[in-house]
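Residue numbers (the numbering used here): 1070 to 1390. Worksheet for the structure shown next.
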Ligand code: ASN
């Protein structure tokens, strides 16, 4: 994605001026409120709150993904095995929701060492946090509706309870309570209209959150082999782009295997999901993950989403903290 929010980068805490510290504190209040609101909604709706893991043999391949720009993958050996830092909790979600927790969510750090030139988009950070969730036997429609209601509830309550902070951040009048249902666009139509840069074009042009469906992606998203359509959905925010990606998932062994082979992904790293699907133990699920820094960045009107982080993770920049 090449949407450009900024050319000036957020500074670490010790370099902030008094005014910048006040703004940072305001954004932290919006983040705290957002986390409280969204997690309470999930708990109220009967979801289990699982804690994340940082190191696993199996993590998100992040491939093939039209938006991928990974410069390096972190692998280390522990106890004689190679483990990887979490790129997303997707594999854990598929297995956990199939076996033990039919409705789950996880607040998890995702490490994606993006190429340094992504710093200037204002939309990429090399560590971000997802509110990742998965629901057994749910349809895409069900998940899209759940997300729309969650976002509407969040914005409605923020406007009531965080009025002072939103006024300070100058977004009280610009972040409107979104109308449900959100508009849905098929990626094929956007590609035909805007060409390769459809993601940037549509997030610049829209003034409300919108859905984009049917995006070719990683093996775990459901693909109809006959129609070639993908049953997945991205939520896009005006100017801030993709804030959620999600899908109905694959659960059948033959399809998962075929797609892993087609994508030239190392089967060794996905042995468990392959074995469980062969045994019929992977169930049909749907889910998604909300990028918290982009969501709060949109609500707070930041120039760079690293402004929402106490310890900014800007591609190409490593600070002491
Ligand atoms: N969290 C996403 C999902 O649920 C996966 C990802 O972040 N790559 O589909």
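C-beta: ideal position from N, C-alpha, C; glycine also.
Remark: the C-beta of residue 1314 is in contact range of the ligand ASN, defined as less than 6 Å to any heavy atom. Under the three-state reduction of DSSP output, residue 1119 falls in the strand class. Between residue 1279 and the set 1096, 1268 and 1286, the nearest pair of CA atoms involves 1268.
Assignment of beta strand (DSSP E) within the region 1346 to 1371, counting only whole runs of 3 or more residues, yields 1354 to 1360 in chain order.
Annotation note: the region 1266 to 1349 contains the following uninterrupted beta strand (DSSP E) runs of length 3 or greater, listed N- to C-terminal: 1279 to 1282, 1301 to 1306 and 1310 to 1317.
Straight-line spacing of the CA atoms in residue 1270 and residue 1366 works out to 19 Å.
In the structure shown, residue 1206 falls within a coil segment according to DSSP collapsed to helix, strand and coil. If one requires a minimum length of 4 residues, the alpha helix (DSSP H) runs lying completely within the region 1084 to 1167 are 1087 to 1113, in chain order. Under DSSP, the beta-bridge partners assigned to residue 1182 are 1141. Across the structure, residue 1320 and residue 1378 are spaced so that their CA atoms are roughly 36 Å apart.
Comparing C-alpha distances from residue 1251 to each of 1292, 1306, 1125 and 1108 shows the shortest one belongs to 1306. Relative to the Cα of residue 1176, the nearest Cα in the group 1227, 1138, 1359 and 1192 belongs to 1359.
In the structure shown, residue 1172 adopts extended strand secondary structure according to DSSP, grouped into three states.
Residue 1094 is classed as exposed because its beta carbon has fewer than 16 other beta carbons within 10 Å across all chains shown.
Taking a C-beta distance under 7 Å as the contact criterion, residue 1374 and residue 1192 qualify as a contact pair. With three or more CB-CB distances shorter than 8 Å, the region 1192 to 1210 counts as touching the region 1158 to 1169. Here residue 1201 is bridged, per DSSP, to 1175 and 1358. Put simply, the backbone Cα of residue 1297 is about 17 Å away from that of residue 1259.
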